[in-house]
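Please read the structure below before turning to the comments.
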Amino acid sequence: MANEVVLLDLKVSPFAARVRIALEEKGIEYKSKVEDLSNKSSTLLKMNPVHQQIPVLIHNGRPICESMIIVQYIDEVWSHKPSLLPSDPYRRAHARFWADYIDKKIYPIGRNLWASKGELKESSKKDLIQCFKILEEELGDKLYFGDESFGYIDLALVPFYSFFYTFETLGNWSMAAEFPKLVEWGERCLQKETVSKSLSDQKEVYEVVLQIKQKLGVE
Ligand SMILES: N[C@@H](CCC(=O)N[C@@H](CS)C(=O)NCC(=O)O)C(=O)O
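Just so we're aligned: the sequence shown equals residues 1 to 219 in the UniProt record's numbering.
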């Protein structure tokens, strides 16, 4: 069977970045179709009618939606390459727990920090710092969240490394001073080509966030 792989994509999206990293980790050739979210394509609306969001992976014409579900699909279909999820059921559950924590906390709280002002911005700043404390503790002295090699939790979190400059600048704290282990971990992940070619530059993300803030009227 031919393997046609298309990704409905967007450079600065942390969710799309997860899928790009997974595809690179597995060495899969794919076609990236960049979406304009202010004018969504008919393909996006047809392939993800429920959420109408990117990323969508279209494998031989069939869509898979939601970034971490896509990553698991990639891991299962291209199983000849080293697995992103651990093989031990307990460690798999642990990896899924942390990916779920990142989804439930980092993006929504981080977005509240940069897309709001006043009380909500202040409370989001406190909440986000608390989340990073928890993640820094979970990482501890390990090289990667899973231990010795880059895996599922790292893949779920590392796209948010691109947002570190945005968070610290708009929240007025220093990631390197407060969370040195997370910053070192992010730099370590970036040494992998699969990661560096998939992530956006921190300043580029900041510029995009400033434009969105302007549109929302929360400069
Ligand atoms: N839970 C989704 C989140 C995807 C998401 O938020 N995508 C954003 C871009 S970063 C999007 O398509 N937004 C357009 C919209 O919501 O209309 C995932 O993990 O894939």
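Cβ coordinates follow ideal geometry from the N, Cα and C atoms, glycine included.
Under the three-state reduction of DSSP, which class applies to residue i: helix, strand or coil?
| i | result |
| --- | --- |
| residue 127 | helix |
| residue 132 | helix |
| residue 172 | coil |
| residue 218 | coil |
| residue 202 | helix |
| residue 121 | helix |
| residue 99 | helix |
| residue 156 | helix |
| residue 86 | coil |
| residue 220 | Since the first residue of the chain shown is 1 and the last is 219, residue 220 is not available in this structure. |
| residue 179 | coil |
| residue 104 | helix |
| residue 211 | helix |
Measuring CB to CB, does residue i end up less than 9 Å from residue j?
| i | j | result |
| --- | --- | --- |
| residue 21 | residue 155 | yes |
| residue 70 | residue 86 | no |
| residue 104 | residue 26 | no |
| residue 52 | residue 40 | yes |
| residue 135 | residue 113 | no |
| residue 179 | residue 133 | yes |
| residue 19 | residue 109 | no |
| residue 209 | residue 163 | yes |
Ordered along the chain, which non-local residues of its own chain (more than five positions away) have a Cβ less than 6 Å from that of residue i?
| i | result |
| --- | --- |
| residue 31 | 6 |
| residue 11 | 200 |
| residue 60 | 4 |
| residue 48 | 56, 65 |
| residue 16 | 9, 10, 54, 55 |
| residue 72 | none |
For residue i, list the residues DSSP reports as bridge partners.
| i | result |
| --- | --- |
| residue 144 | 147 |
Whose C-beta lies closer than 7 Å to the C-beta of residue i among residues of the same chain, with five residues either side of it excluded?
| i | result |
| --- | --- |
| residue 197 | 24 |
| residue 168 | 174, 175 |
| residue 99 | 68, 152, 153, 156 |
| residue 95 | 85, 86, 146, 151, 152, 153 |
| residue 181 | 136, 139 |
Which residues in the same chain have their Cβ closer than 8 Å to the Cβ of residue i, if we skip the five residues on either side of it in sequence?
| i | result |
| --- | --- |
| residue 117 | 218 |
| residue 189 | 144, 150, 154, 158, 161, 195 |
| residue 89 | none |
| residue 138 | 98, 145 |
| residue 35 | 8, 9, 10, 41, 44, 54 |
Let me see if you follow: with CB-CB separation under 9 Å, is residue i close to chain D or not?
| i | result |
| --- | --- |
| residue 87 | Absent from the structure: chain D. Only one protein chain is present. |
**Item:** Every unbroken alpha helix (DSSP H) within the UniProt domain "GST N-terminal" (3-82), with a cutoff of 4 residues, ordered by chain
**Value:** 14-25, 42-47, 67-77
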